[in-house]
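**Q**
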Amino acid sequence: MRRHTKRLIEKWKLMGLYERFLLGGAVLYMVGVSVYMLWHRAWFSPDQFFFFAFFGVLLLGKTRQFLFDWIPIMLLLFGYEYLRGLGPVLTKNVNIFPMIKADKFMFGEIPSIRLQNALFVDNVTHWYDYLAVILYISHFVIPMMIAFLFWLDDRKHFKEYMAGLLILSYTAFITYMLYPAMPPWMASNLGYIPPLKKVMDQVLANFATPIDVPSVYRFFGANLVAAVPSLHAAYPWLIFLFVFKRLKKIALLLLPYVFGVWFSIIYLGEHYVIDGIIGVIYATIAFIIIVRFRTIIRVTKSFKSGLSYRLRV
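First residue of the sequence shown? That's 1 in full-length UniProt numbering, and the numbers climb one at a time after it.
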């Protein structure tokens, strides 16, 4: 941690005032755009994020590097979203009761129902209602903002992080095809579990008027039975693991965000607890794959260098 933190501080000190201003401006610009989009109920899709990030990078004069690093990743994310939208066409038998039974086995009841009965009040919007919805709808923009910050700091770490994100997303997609799972809100609507409150609808009614931002994602179908694993639980945990790998104890500051998202998906009735647990397991496996692969590459390079040296001698 000290080595990375020291390097970041030294890197910042070496920047001139103008460079610091541009870097800070690019980051604040992306944060501002993200807040504005979410407040107007325009959930950030990958192509929208790429578009706005490109203009932010113009300030830094790194457009060619940005395009080289980000376009392949955007294409892979497009591929994932397109394939995920095919789920309802390719899968017909939806799993309903295994997740319900798992949560009841662990807690004796369905946690979403218990939380809503304890915290939610009709026609009264509390601060934690807002927080839960904001954390939930930030599902994509937060991972992309972290990717953007990694890219600004260290392209190698950025590529490792995005590789982990893609491995996680595509393995989740395969699971959605093999094991389509119904989320709590849908099970409630269909009468399989007791009624759940529409917390999100009540909160979003207080947001600003929606804006229409063009996106190719509107042409992709949605998979409403993609609950296991929960990527809403998996992405924050993957973020934590990669930040912890780089900054160690500083990453602990992210834990309130991680726990907040986990609380949100249960409280809002978007996922069962078992969905989240499986999502965390998937994220951990994706992280381990990246770390082990990097270790193998490093050992292989060291072996080749040593062998080449001995041959020369």
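We treat Cβ as the ideally placed atom computed from N, Cα and C, and that holds for glycine. Only a predicted model underlies this, so the values are computations on that prediction, with no experimental measurement involved.
1) Compare the Cα-Cα distances from residue 175 to each of 24, 279, 50, 39 and report the closest residue.
2) Work out the CA separation of residue 148 and residue 159 for me, nearest whole Å.
3) Along the alpha helix (DSSP H) that carries residue 56, what are the first and last residues, could you check?
4) Would you check if the distance between the CB atom of residue 48 and the CB atom of residue 215 is smaller than 8 angstroms?
5) Are there 16 or more other CB atoms within 10 angstroms of the CB of residue 311, so buried, or fewer, so exposed?
6) Could you name the residues that DSSP lists as bridge partners for residue 95?
7) Per the contact definition of three or more C-beta pairs closer than 8 angstroms, is the region 242-256 in contact with the region 175-184?
8) In three-state terms, what does DSSP make of residue 225?
9) Within the same chain, show all residues whose beta-carbon is closer than 7 angstroms to that of residue 84, passing over the 5 residues directly before and after it, in chain order.
10) May I ask you to verify whether the region 232-248 touches the region 191-205, counting CB pairs closer than 8 angstroms and requiring at least 3?
11) Report the rounded CA-to-CA distance for residue 201 versus residue 292, giving the unit in angstroms.
12) In whole angstroms, what is the alpha-carbon distance linking residue 54 and residue 71?
13) Report yes if the C-beta distance between residue 58 and residue 25 is below 8 angstroms; otherwise report no.
14) For residue 211, collect the residues of the same chain with a Cβ closer than 6 angstroms to its Cβ; drop the 5 residues on either side in sequence, then sort them by chain order.
15) Along the chain, which unbroken stretches of the alpha helix (DSSP H) at least 4 residues long are found entirely within the region 117-157?
16) Leaving out five residues on either side along the sequence, give the residues of the same chain with a beta carbon under 8 angstroms from the beta carbon of residue 307.
17) Please classify residue 103: does DSSP put it in a helix, a strand, or coil?
18) State yes or no: is the C-beta of residue 260 within less than 8 angstroms of the C-beta of residue 135?
19) Straight-line CA distance for residue 133 to residue 101?
20) Report yes if the C-beta of residue 278 is less than 7 angstroms from at least one heavy atom of the ligand ADP; otherwise report no.
21) Beta-carbon within less than 8 angstroms of residue 104's beta-carbon, same chain only, minus the 5 sequence neighbours each way: which residues are those?
22) Relative to the C-alpha of residue 73, which candidate in 268, 113, 163 has its C-alpha closest?
23) Taking just the CA atoms, how far does residue 209 sit from residue 67?
24) Which full runs of the alpha helix (DSSP H) of 4+ residues lie inside the region 230-270, going along the chain?
25) Using only the alpha-carbon positions, how far apart do residue 284 and residue 229 sit?
26) Thinking just about the alpha-carbon of each residue, which of 244, 95, 171, 99 is nearest to the one in residue 146?
27) Express the C-alpha separation of residue 141 and residue 294 in angstroms, rounding to a whole number.
28) Determine the direct distance from the alpha carbon of residue 246 to that of residue 1, and round the result to whole angstroms.
**A** Walking through what the data contain:
1) 279
2) 11 angstroms
3) 46-58
4) yes
5) Confidence at residue 311 is low in this model, with a pLDDT of 44, below 50, so its placement is unreliable and the value that follows should be read with caution. Under this definition residue 311 is an exposed residue.
6) 181
7) no
8) coil
9) 173, 176, 223, 226
10) no
11) 43 angstroms
12) 11 angstroms
13) no
14) 40, 42
15) 127-137, 141-153
16) The pLDDT assigned to residue 307 is 41, lower than 50, so where the model puts this residue is not dependable, and the model offers no usable value.
17) helix
18) yes
19) 26 angstroms
20) What this structure holds is no ligand at all, so the ligand ADP is not there to describe.
21) 110
22) 163
23) 33 angstroms
24) 231-247, 255-267
25) 12 angstroms
26) 244
27) 27 angstroms
28) Confidence at residue 1 is low in this model, with a pLDDT of 49, below 50, so the placement of that residue should be treated as unreliable; the coordinate-derived value is given next. Whole-angstrom Cα-Cα distance: 7 angstroms.
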